[in-house]
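S.K.: Numbering (the numbering used here), first residue to last: 184 to 334.
By construction, the Cβ of each residue, glycine as well, lies at the ideal position given by its N, Cα and C atoms.
Just passing along the structure, written as structure tokens.
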Amino acid sequence: MKPWSRGAKVLALTSVGVMLVSLDISIVNVAFGSFVKQWPESRRTLTWVFSAYNIAYAAGLLTAGRLADAFGRKRAFLGGLMIFMLGSILCAASPTALFMVIARIIQAIGGAILTPASLALVLPEFAVEKRSAAIGVWGAVGGLSAASGPM
Numbered sequence: 184m185k186p187w188s189r190g191a192k193v194l195a196l197t198s199v200g201v202m203l204v205s206l207d208i209s210i211v212n213v214a215f216g217s218f219v220k221q222w223p224e225s226r227r228t229l230t231w232v233f234s235a236y237n238i239a240y241a242a243g244l245l246t247a248g249r250l251a252d253a254f255g256r257k258r259a260f261l262g263g264l265m266i267f268m269l270g271s272i273l274c275a276a277s278p279t280a281l282f283m284v285i286a287r288i289i290q291a292i293g294g295a296i297l298t299p300a301s302l303a304l305v306l307p308e309f310a311v312e313k314r315s316a317a318i319g320v321w322g323a324v325g326g327l328s329a330a331s332g333p334m
């Protein structure tokens with residue numbers, strides 16, 4: 184069996200990060216019924232569990248690429264991953280619907296930092312003629328993850 188190249192390893196690891204972030208875009212759809220049972224008085228707040236993540240993620244993407252340039256791609260990727268993980272832990276421990284919304288915003292900020300940094304880590308690992316395939320794999324992982332969230 185042929186060992187993985189450095190580029191393949193970087194692509195695999197960064198794709199896992201993008202998979203987690205993309206999955207979280209839609210995975211809460213499945214859990215919404217459980218949230219309503221847990222916090223029945225908070226239906227209006229619970230709608231923000233969906234929206235807050237998407238809004239914070241989109242807003243964060245606008246500046247996250249610049250952060251990766253300023254602080255380094257690897258540092259931004261790992262920092263984004265740590266923030267995302269913190270948000271995930273806080274989501275799991277949420278005592279109220281409002282706390283869940285805030286935790287989802289933290290998740291989204293981490294994801295917004297992680298996403299452009301992950302692609303920035305992948306690109307230099309591949310020769311120009313192989314970059315489009317690497318980008319295709321990276322993008323497919325993200326897209327399939329977002330689509331599989333509700334399953």
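Thinking C-beta only, is Leu206 closer than 8 Å to Ser315?
M.R.: For the purposes of this step, residue 315 is taken as the residue at position 132 of the sequence shown. For the purposes of this step, residue 206 is taken as the residue at position 23 of the sequence shown. No; because the gap between Cβ atoms is not below 8 Å, this pair is not in contact.
S.K.: Does the separation of the CB atoms of Ile296 and Gly322 fall below 8 Å?
M.R.: Sequence index remark: in the sequence shown, residue 296 carries index 113 (1-based). Sequence index remark: in the sequence shown, residue 322 carries index 139 (1-based). No.
S.K.: Shortest alpha-carbon distance to Gly243 belongs to which of Ala310, Arg227, Phe267?
M.R.: As a position in the sequence shown, residue 243 is number 60, starting the count at 1. For Gly243, the nearest C-alpha among the options comes from Phe267.
S.K.: If you reduce the DSSP assignment to three classes, tell me which class Trp222 lands in.
M.R.: Locating residue 222 in the sequence shown gives position 39, where the first residue counts as 1. If DSSP states are grouped into helix, strand and coil, Trp222 belongs with coil.
S.K.: My parser needs the beta strand (DSSP E) runs of 3 or more residues fully inside the region 226-298; what are they?
M.R.: Within the region 226-298, no complete beta strand (DSSP E) run reaches 3 residues.
S.K.: Quick one: grab the DSSP three-state call for Ala191.
M.R.: Reading the sequence shown from its first residue, position 8 is the one you call residue 191. Ala191 falls in the helix class under three-state DSSP.
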